[in-house]
Each structure stands twice: as C-alpha cells, then as structure tokens.
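Note that the sequence shown ends on residue 176 in the working numbering; no numbers are left out. Backbone N, C-alpha and C define an ideal beta-carbon position, used for all residues, glycine too. Keep in mind the model is a prediction, meaning the values are calculated, not measured.
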Amino acid sequence: MFKDTKAFSGFSVDNIEKAKAFYRDTLGLNVTEEDGLLNLNIAGGIPIIVYPKDNHAPATFTILNFPVASVERTVDDLTKRGVRFEIYDEPDLKTDHKGIMRDNGPTIAWFKDPAGNILSVIEATS
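In structure tokens form, the structure reads like this:
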C-alpha cells in the first residue's frame, strides 16, 4: 500500500525559533518555515518536519543521524560552534572525552538540540 509513497519524518520541539536558529545557523541546514512548522531540507529531497508542542518531552533515543566523512573533524567543528556532545560510560556504551564512541560499531557521537532531542553524527562507510 505505501511502497511507492515518499514518507517523511517529524519530531517536536518546545521552541520553534530556537530550533530554527540551531538547525540553520549551528548545523548549517537549509531550513524553511511554513504554517508554523519547520522543514529541514536535507539531501535527497525528503524534508524532515519540526513542529512546536507545548508539552514537548525530549526523545530518549536518537531521532536523527547525520552521516559524515569524519566524526572526529565534525565533533571538533561543532564543539567550536557551541555544541556539547554527550559523554557515556555505561557497560555497552562508552565514549571518549570528546563524546565519540569508537570500536563498538560505527564511529558515532551524540548531541542534543535545544529541545533536548538526541541527534548524532555517524561515520559514513562509503
């Protein structure tokens, strides 16, 4: 039934203006606004919808992954832009002092948007 539809994803934030500034200015995405919603226009042409929600609760899982050529360089660049990466020290999830997990699956680092939603940069394999 849906195999030919161009599905898209969306998530909520508690402050649409803060989200707009973060995704546009800090992450460098092409962000458009229409009817009070943000469209994160990413490669491939399928937008990601960001909508305001008064009783927003941040996701406790990764809602958006950004494949990058080098997690190390991206973490350094985003850190200079004020992004703080999550540090994990759990039995199955350990990051280094920069917030990068290595040698336990793909190289990846997690950070949060202003609404507390979890995002990641993940090393592209090709």
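- Taking each of H147, L143, P108 in turn and checking the Cα distance to G155, the smallest one comes out for L143.
- Closest in alpha carbon position to D64, among P164, E122, A174, is P164.
- In the structure shown, F111 adopts coil according to DSSP, grouped into three states.
- By the 16-neighbour rule on beta-carbons within 10 angstroms, A69 is buried.
- R123 and M51 have their C-alpha atoms some 42 Å from each other.
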